[in-house]
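Visitor: Numbering (the numbering used here), first residue to last: 1 to 320.
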Amino acid sequence: MAETDSPLKLLVSTCILDFAAWLLHTEVQDAYPLNVELPGENLAVDLVFRVILHDTRELLLHIEFQGPRSHEPLPWRMLMYMPRLARTYRLPLWSVVLYVGHGAGRGDHGHHEVAGADGSPTLTWRYHPIRLWEMTAEDLLRLDRPALLALVGQTQIREPAVVLPEVVHRLHQVPDVMQQRRLLTALTALLTDEESITMVESLMDRDELLLDTPFLRRLREEAEREGHQAGHQAGHQAGLREGHQAAQREALAARRRSILDVLAARLDPPVSVYQQVERQLAQITDEAILSRLLMAMARAEHVDAVQELLREHGPATPQA
């Protein structure tokens, strides 16, 4: 789940209208990201949006991503999240859990209760579980929403040689080139089978990918292996350090490239701002901070928001 968490959040955040329409079973006019940090204690949800439906009604769409393992059972976590969201925003609430990875959420029907002394329910809560691993690739193709096709690697692909070329073909039909690249990148990042990854990458050009993909992860692994080989020549411990440092450098570089690509695609800033952001990112060596910046950048609506994000994480502030 760790490898897919960031790509999933980024995909849903940047394509929220398609995802909201799918999860709510109705067309939507618009959706706005809200603060994921909940009041009262150190608690945060994965994603939450204020959604305006086609008939102008408004509601809260809350989305959690969950793999096969969880420190605390997901139903109890949802019981913590949902009342706080309801109390904070005072809107009708629709909570969804996307289960990722084989076996995740097996048996969770989304309806839970605590019985009182007489056996009748004294506390009830309900959410909507979707087990991606139980869906088929054909299910996604039938939905006819390009953004959802990027999830195909988390579903059952019975005929990869037929399905994957069709998915890539449909994504190539997306008229917005940057959106097309975002979806192709998400597709490769969410594939788990090595043969499928190789097949998809062979169907697209390298410059069609924007973010951290299996291809880039393999580059880091190769750098680490090269470091290990050098270690046998110059000392085992030195080689381990070199391999680790090379992998870390590539991971940081990939994350910085991702942030800059999202910045350029979403906000098209002046060259001076882009270059100053690039210099600012070069000073950040904490991958966790870069990951948070990537998620925040995907939601930023204007350059001022980017400036504020960078003020929080570095000494320099880009000026438009």
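All residues carry an ideal CB built from backbone N, CA and C; glycine is no exception.
When you compare the stretch 135-151 with the stretch 83-95, are there three or more beta-carbon pairs, one atom per stretch, that lie closer than 8 Å?
Guide: No, the stretch 135-151 does not touch the stretch 83-95.
Visitor: Let me check one thing: in DSSP terms, what residues is Leu-43 bridge-paired to?
Guide: Position 43 of the sequence shown holds residue 43. Answer is Leu-38, bridged to Leu-43.
Visitor: For Arg-126, collect the residues of the same chain with a Cβ closer than 7 Å to its Cβ; drop the 5 residues on either side in sequence, then sort them by chain order.
Guide: As a first step, residue 126 is located in the sequence shown; it is residue number 126 there, counting from the start. Closer than 7 Å at the Cβ level, and outside the excluded window around Arg-126, lie Gly-110 and His-111.
Visitor: Does Asp-261 pass the burial test, meaning 16 or more other C-beta atoms within 10 Å, or should it be called exposed?
Guide: For the purposes of this step, residue 261 is taken as the residue at position 261 of the sequence shown. Asp-261 should be labelled buried.
Visitor: If we ignore side chains and look at the alpha-carbon of each, how far apart do Gln-248 and Leu-43 end up?
Guide: Here residue 248 refers to the residue found at position 248 when the sequence shown is read from its first residue. Here residue 43 refers to the residue found at position 43 when the sequence shown is read from its first residue. When rounded, the distance between both Cα atoms is 29 Å.
Visitor: How would you write the range of the beta strand (DSSP E) that His-172 sits in, first residue to last?
Guide: Translated into the one-based positions of the sequence shown, residue 172 becomes position 172. Here His-172 belongs to no beta strand (DSSP E); instead the alpha helix (DSSP H) covers 160-172.
Visitor: May I ask which residues mark the beginning and end of the beta strand (DSSP E) holding Val-97?
Guide: Looking up residue 97 in the sequence shown gives position 97. Run containing Val-97: 93-99, per the beta strand (DSSP E) assignment.
Visitor: With which residues is Val-306 paired in a DSSP beta bridge?
Guide: Here residue 306 refers to the residue found at position 306 when the sequence shown is read from its first residue. BP columns for Val-306 are empty, so no partner.
Visitor: Taking the beta carbon of His-71 as the centre, do at least 16 other beta carbons fall within 10 Å, making it buried, or is it exposed?
Guide: Translated into positions along the sequence shown, residue 71 becomes position 71. With fewer than 16 other Cβ atoms within 10 Å, it is exposed.
Visitor: Consult DSSP for Arg-69 and reduce its assignment to one of helix, strand or coil.
Guide: Counting from one through the sequence shown, the residue named residue 69 turns up at place 69. If DSSP states are grouped into helix, strand and coil, Arg-69 belongs with coil.
Visitor: Would you list the one or two residues that DSSP bridges to Ala-31?
Guide: The count along the sequence shown starts at 1 and reaches residue 31 at position 31. DSSP, once it has assigned bridges, lists Val-51 as partnering Ala-31.
Visitor: What is the DSSP secondary structure of Ser-13, reduced to helix, strand or coil?
Guide: Numbered from its first residue, the sequence shown carries residue 13 at position 13. It is helical.
Visitor: How about Arg-131 and Gly-105: are their beta carbons less than 7 Å apart?
Guide: Taking the first residue of the sequence shown as position 1, residue 131 is located at position 131. Taking the first residue of the sequence shown as position 1, residue 105 is located at position 105. It is a contact, given that the beta carbons lie within the stated cut-off.
Visitor: Relative to the C-alpha of His-302, which candidate in Leu-281, Glu-312, Pro-270 and Gln-280 has its C-alpha closest?
Guide: As a position in the sequence shown, residue 302 is number 302, starting the count at 1. Closest by alpha carbon: Pro-270.
Visitor: Would you call the CB atoms of Asp-108 and Pro-129 closer than 7 Å?
Guide: Translated into the one-based positions of the sequence shown, residue 108 becomes position 108. Translated into the one-based positions of the sequence shown, residue 129 becomes position 129. Yes, these two residues count as a Cβ contact at 7 Å.
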